[in-house]
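Asker: Dropping the structure in here first, questions after.
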Amino acid sequence: MNAAVPATDARPAEGRFDSVRDYIAALDARGRVLRIPEMDQDRYEVTAFAYRLIDRFGIEHAPAFMVDRIRIGGAWREGPLLANPYGRWPDEAVLFGVPDVTDDYQQMYHAVIRALEQRLDGAGNWRRIPPVEVDARQAPCKEVVLRGDDVDIEKFAWLQNNPADAGRYINITSVFTVDAQIGRNVGTYRCQVRDRTRISVNPEPGQDGWRILTAMKKRGDKVAKVAIAVGADPFTFCASSTKMARFGEDELEFAGGLRGSPLPVVRCETCDILVPAHAEMIIEGEVPLDEFLDEGPYGEMYGYLGPMKPNNFFMNIKCITHRRQPWILNSFTGLTCDMPRGPQTASNFFFYRRLIPDLTGLIAPRGANGVIVISIDKKLPGAGMAAGQYVAANVGLNKVVIVVDKDVNILNPTEVLHCLGARWQPSASLIIPQTQMMMPDPSRPRAMLSSKIIIDATRQWPQEGGPEKWAPLNRELLRKGAPEAFPLVDGRWDEYLKDWRG
Ligand SMILES: Cc1cc2nc3c(=O)[nH]c(=O)nc-3n(C[C@H](O)[C@H](O)[C@H](O)COP(=O)(O)O)c2cc1C
């Protein structure tokens with residue numbers, strides 16, 4: 004099933020990637036891309052495969068996969084379709100140029116965060132490099148130009164992920180809006196395919212793209228010119244799908260900073276918006292500001308069906324440009340790894356360490372939206388709860404904040420659960436009855452609101468109501484009492500397992 008992934012852009016295998024193809028070729032060189040000749044999405048084969056891949060490999064290890072041909076609506080459509088492209092720590096190590104990449108995801112988490120932290124300046128800012136405009140002849144995204152009656156967005160291999168979804172979706176996008184006063188914004192928003200020339204565009208209320216479209220509407224504009232890149236290079240996609248750039252800041256400058264050189268951009272055919280030259284496809288069009296369509300329902304990021312959303316923005320497509328045989332990217336929302344998470348994690352670490360000087364680790368475990376685990380080098384009573392309160396104050400995903408001591412490996416869920424069982428007393432918790440929360444958590448009582456809990460699972464000190472003396476850990480007693488035991492076993496490990504076929 005595994006075949007070589009063609010790389011069309013000759014770039015070095017690590018560190019700097021002009022296109023998603025370069026990046027996938029680098030993963031493939033490490034044997035980390037699974038290729039399947041064809042699948043029948045009329046029977047939801049690709050979706051079921053994505054579930055099984057993650058069930059069987061685990062979310063931190065399931066590889067990226069590509070399907071060459073997909074049956075959709077009774078017709079076989081050419082891909083390749085790429086899914087599960089980002090987010091595993093060894094793959095991020097490749098993306099961000101970490102030397103000596105291994106498959107050890109814990110080791111690679113530390114290597115990626117260390118490497119990215121070194122790129123932040125003293126104030127926690129990312130390097131920014133403005134993009135550079137190139138000629139259309141140097142832009143692979145212009146290899147094919149479709150206008151007028153040739154515009155037919157339905158003919159590409161966009162998937163309906165679930166029979167309960169409202170339809171087929173373009174869901175790994177970078178949506179470009181440009182406002183004369185606010186500037187350029189690039190955000191990742193799903194787009195429901197409506198017919199040959201119309202797609203919904205779904206920035207949630209409060210998102211920067213939504214704020215720009217709303218500001219234009221308030222000023223009396225009738226339409227907004229918008230361009231959507233599908234399969235943008237990994238650095239543009241990273242900036243567009245995370246909050247690296249604040250409102251009014253230009254995501255493309257952050258993309259340049261991450262790649263270490265100006266991002267090549269090219270002018271659209273029907274407007275002046277500049278888009279990544281090495282994207283797979285650019286969809287150009289106009290978003291009416293006084294006309295809307297209902298959107299959804301859609302299986303959301305928490306793994307539950309989200310409701311139909313009335314009065315959503317949509318786009319009238321004016322032109323599609325694409326590479327020859329463009330790659331189609333698909334997110335199995337709430338399931339697959341769809342975005343690089345290193346820069347956001349490194350930023351969070353930097354930001355929180357200013358508030359919590361004794362912070363030693365921070366991870367939002369994949370597959371458990373709403374949960375965040377931090378570790379601290381506890382030096383004062385009350386420090387666990389204080390640290391948890393800083394993290395819970397974030398309006399993002401932080402609904403359940405678990406604080407542990409620095410000796411706990413927070414990348415190992417078993418160690419964190421062990422801590423809840425053996426170190427934590429439920430009385431060492433704080434429940435915030437209701438606060439702001441933007442995420443579509445299906446358990447929330449009302450949109451934009453949630454309760455939160457801070458679980459202080461650090462060893463409680465006597466003045467916090469903990470025991471006078473904590474019993475030592477058995478593993479530590481072994482390490483101290485027989486310091487040669489672990490090195491002995493580690494040294495003989497291969498010998499013990501040489502006949503093992505498990
Ligand atoms: C695959 C994927 C799909 C996403 N879909 C949406 C979406 O439909 N609507 C939305 O508001 N945010 C969505 N997001 C999250 C936003 O892309 C993210 O919050 C980003 O920072 C928004 O850009 P902005 O801050 O410039 O508005 C998605 C993220 C990913 C990785």
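Counting from 4, one number per residue, gives the positions in the sequence shown under this note's numbering.
Backbone N, C-alpha and C define an ideal beta-carbon position, used for all residues, glycine too.
Rounded to the nearest angstrom, how far is the Cβ of Gly234 from that of Leu332, given a contact under 8 Å?
Answerer: Locating residue 234 in the sequence shown gives position 231, where the first residue counts as 1. Locating residue 332 in the sequence shown gives position 329, where the first residue counts as 1. With a Cβ gap of about 5 Å, Gly234 and Leu332 count as contacting.
Asker: Closer than 8 Å: is that where the CB of Gly212 sits relative to any heavy atom of ligand 1?
Answerer: Position 209 of the sequence shown, counted from the first residue, corresponds to residue 212. Gly212 Cβ: within cutoff of ligand 1.
Asker: Give me the Cβ distance between Gln402 and Gly373, rounded to the nearest whole Å; I'm assuming they're in contact under 8 Å.
Answerer: Residue numbering aside, residue 402 sits at position 399 when the sequence shown is read from its first letter. Residue numbering aside, residue 373 sits at position 370 when the sequence shown is read from its first letter. The identity of residue 402 in the sequence shown is Lys, whereas the question assumes Gln. With 8 Å as the limit, Lys402 and Gly373 qualify as a contact, their Cβ atoms being about 4 Å apart.
Asker: Among the residues of its own chain, which have a CB less than 7 Å from the CB of Lys447, if the five just before and after it don't count?
Answerer: As a first step, residue 447 is located in the sequence shown; it is residue number 444 there, counting from the start. Inspection of the sequence shows that residue 447 is occupied by Arg rather than by Lys. Within the same chain, Arg447 has close Cβ partners Met440 and Ser453.
Asker: Three Cβ pairs or more, each shorter than 8 Å: is that satisfied between the stretch 291 to 300 and the stretch 99 to 117?
Answerer: Verdict: no, contact absent.
Asker: Rounded to whole angstroms, what's the CA-CA distance from Pro445 to Gly288? Just pull it up for me.
Answerer: On the sequence shown, residue 445 is found 442 positions in, with the first residue counted as 1. On the sequence shown, residue 288 is found 285 positions in, with the first residue counted as 1. Taking the straight line from one Cα to the other gives about 33 Å.
Asker: Just the Cα atoms here: how many angstroms apart are Thr339 and Tyr301?
Answerer: One-based indexing of the sequence shown puts residue 339 at position 336. One-based indexing of the sequence shown puts residue 301 at position 298. Each residue's alpha carbon lies about 16 Å from the other.
Asker: Pairs of beta-carbons, one from the stretch 206 to 221 and one from the stretch 141 to 152, closer than 8 Å: are there three or more?
Answerer: The stretch 206 to 221, when compared against the stretch 141 to 152, does not touch it at the 8 Å Cβ threshold.
Asker: How many angstroms separate the CA atom of Lys225 from the CA atom of Pro267?
Answerer: Position 222 of the sequence shown, counted from the first residue, corresponds to residue 225. Position 264 of the sequence shown, counted from the first residue, corresponds to residue 267. Using only the alpha carbons, I get a separation of about 31 Å.
Asker: Once DSSP output is grouped into helix, strand and coil, what is the label at Cys322?
Answerer: The residue you call residue 322 lines up with position 319 of the sequence shown. Looking at Cys322 - three-state DSSP - the assignment turns out to be strand.
Asker: Here's the rule I'm using: 16 or more other beta-carbon atoms within 10 Å means buried, otherwise exposed. How should Ala96 be labelled?
Answerer: Taking the first residue of the sequence shown as position 1, residue 96 is located at position 93. With 16 or more other Cβ atoms within 10 Å, it is buried.
Asker: My understanding is that Ser177 touches Ser243, with C-beta atoms under 8 Å, so please give their C-beta distance in whole angstroms.
Answerer: Counted from its first residue, the sequence shown places residue 177 at position 174. Counted from its first residue, the sequence shown places residue 243 at position 240. Confirmed, about 4 Å.
Asker: Which of helix, strand or coil does DSSP assign to Ser334?
Answerer: What you label residue 334 is simply residue 331 of the sequence shown in a count that begins at 1. Residue state, collapsed to three classes: coil.
Asker: Ligand 1 and Asn248: does the residue's C-beta get closer than 8 Å to at least one heavy atom of that ligand?
Answerer: Here the question's residue 248 lines up with position 245 in the sequence shown. What sits at residue 248 in the sequence shown is Ala, not Asn. For ligand 1, at least one heavy atom lies less than 8 Å from the Cβ of Ala248.
Asker: May I ask you to list the residues that DSSP assigns as paired with Lys312?
Answerer: To locate residue 312, count along the sequence shown from 1; it is residue 309. Bridge partners of Lys312: Glu298.
Asker: In whole angstroms, what separates the C-alpha of Ala488 from that of Gly387?
Answerer: The sequence position of residue 488 within the sequence shown is 485, counting from 1. The sequence position of residue 387 within the sequence shown is 384, counting from 1. C-alpha separation (whole angstroms): 34 Å.
Asker: Is any non-hydrogen atom of ligand 1 found closer than 8 Å to the C-beta of Thr336, if you look at the structure I gave you?
Answerer: Taking the first residue of the sequence shown as position 1, residue 336 is located at position 333. Yes - ligand 1 has a heavy atom lying nearer than 8 Å to the Cβ of Thr336.
Asker: Within the continuous beta strand (DSSP E) that includes Asp408, where are the two ends?
Answerer: Along the sequence shown, read from residue 1 onward, the residue named residue 408 stands at position 405. Taken as a continuous stretch (DSSP letters only), the beta strand (DSSP E) holding Asp408 covers Val403 to Asp408.
Asker: Report the rounded CA-to-CA distance for Ala7 versus Tyr108, giving the unit in angstroms.
Answerer: Stepping through the sequence shown from its first residue, residue 7 is reached at position 4. Stepping through the sequence shown from its first residue, residue 108 is reached at position 105. Low confidence applies here, because Ala7 scores a pLDDT of 45, under 50, leaving its location unreliable; read the following figure in that light. Distance between the alpha carbons of Ala7 and Tyr108 is about 24 Å.
Asker: What's the C-alpha gap between Gln428 and Ala474?
Answerer: By 1-based counting over the sequence shown, the position of residue 428 is 425. By 1-based counting over the sequence shown, the position of residue 474 is 471. So the two alpha carbons sit approximately 15 Å from each other.
Asker: Smallest Cα separation from Ile215: which of Asp380, Phe99 and Gly251?
Answerer: Counting from one through the sequence shown, the residue named residue 215 turns up at place 212. Of the listed residues, the one whose Cα sits closest to Ile215 is Gly251.
Asker: How many Å lie between Gly259 and Thr348 at the Cα?
Answerer: In the sequence shown, the residue the question calls residue 259 occupies position 256. In the sequence shown, the residue the question calls residue 348 occupies position 345. Taking the straight line joining both Cα atoms gives about 19 Å.
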